[in-house]
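Using the working numbering, the first residue of the sequence shown is number 41, and each one after it goes up by one. For reference, the structure discussed in these notes is given below.
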Amino acid sequence: MTILTNTRLDLTVDAGDGALLSVPAEGTLRIVDLYGNQAVDTLLYDAADIENRYSAFDTIREQGAIYLTTGSRLLSGRLDELAVITGDTCGRHDTIGGACSQESNVIRYGEHTRHQHACRQTFLQYGASAGIGQRHLGHNINFFMNVPVDSAGNLRFEDGLSAPGKYVELRASRDILVLISNCPQLNNPCNGWDPTPVQLLGEW
Ligand SMILES: [Zn+2]
């Protein structure tokens, strides 16, 4: 059997920029951490109904584990499988730490950070063309971000486990929208204190 590939995507997303991708069922998307230790904040939506969107809570409960890696089924709040992680050379991805916002930056890091660009603005900017607004932004995936939970149950933002060229690969389980913010955060080690570009490679 010959499988015809119609689309090849090769897109570099600058530090602090974002993307909205429409990935059809069975399409694969590889996210490459070009320079290492770069958090890629990601949300998934059912392309047919953006109300049917990625749910960190349901994904964690159903897989019985808090980190994402190869084999993780990325579920919606209706327990529909939106995508599966089919490849992962980093081995650890977070879905608890959330996305940075101007509001959370002020609370965590002080008033002087209020006007720094944040993932939430990127999500709204790139989501707008698909009708994705504030009420559609839930807990996201932070690919390549290391947020260990210690034995006492505490969360920490730690220096990343990723390195240049590490990648994670998703396979869409239905037609989905993938909303990406290549995190601009400067106030914690999630981007190694120096946000860098990532590469998006798609085939469908
Ligand atoms: Zn961020």
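Virtual Cβ for every residue (Gly too), placed ideally from N, Cα, C. Values in this document were obtained by computation on a predicted structure and should not be read as measured data.
Less than 8 Å separating the beta-carbons of residue i and residue j?
i      : j      : result
Asp134 : Tyr94  : no
Leu240 : Ile125 : no
Thr99  : Asp128 : no
Pro64  : His157 : no
Ile154 : Leu177 : Note that residue 154 corresponds to Arg in the displayed sequence, not to Ile. No; because the gap between Cβ atoms is not below 8 Å, this pair is not in contact.
Ser202 : Cys130 : yes
Gly242 : Leu61  : yes
Leu69  : Val238 : no
Considering only residues of the same chain and omitting the five flanking positions on each side of residue i, which have a CB-CB separation below 6 Å?
i     : result
Glu75 : Inspection of the sequence shows that residue 75 is occupied by Tyr rather than by Glu. Excluding positions up to five away in sequence, the list reads Pro204 and Thr236.
Would you give the residue range spanned by the alpha helix (DSSP H) that residue i belongs to?
i      : result
Ser144 : Gln142 to Tyr149
Ile100 : Ala96 to Gln103
Gln161 : Cys159 to Gly167
Starting from residue i, trace the beta strand (DSSP E) in both directions and tell me its first and last residue.
i      : result
Phe183 : Ile181 to Phe183
Ser62  : Gly58 to Val63
Gly76  : Gly76 -> no beta strand (DSSP E), and no H or E assigned at all.
Asn222 : Ile216 to Asn222
Arg93  : Asp89 to Arg93
Ile125 : Glu121 to Asp128
Ala212 : Lys206 to Ala212
Taking 8 Å as the limit between beta carbons, can you name the residues of its chain near residue i, skipping five residues before and five after?
i      : result
Gly171 : Ile90
Within a Cβ cutoff of 7 Å, which residues of the same chain sit near residue i, ignoring the five residues on either side of it in sequence?
i      : result
Ala123 : Leu84, Leu114, Leu210, Arg211, Ala212, Ser213 and Ile216
Is the number of C-beta pairs between the segment 171–188 and the segment 49–59 that are closer than 8 Å three or more?
Counting C-beta pairs closer than 8 Å gives fewer than three between the segment 171–188 and the segment 49–59, which falls short of the contact rule.
Could you name the residues, in chain order, whose CB is less than 5 Å away from a heavy atom belonging to ligand 1?
Qualifying residues, in the order they occur: Cys140, Cys159, Cys223 and Gln225.
Is the segment 188–204 touching the segment 164–174 in the sense that three or more CB pairs, one from each, lie closer than 8 Å?
Touching, no, given that fewer than three Cβ pairs across the two stretches are closer than 8 Å.
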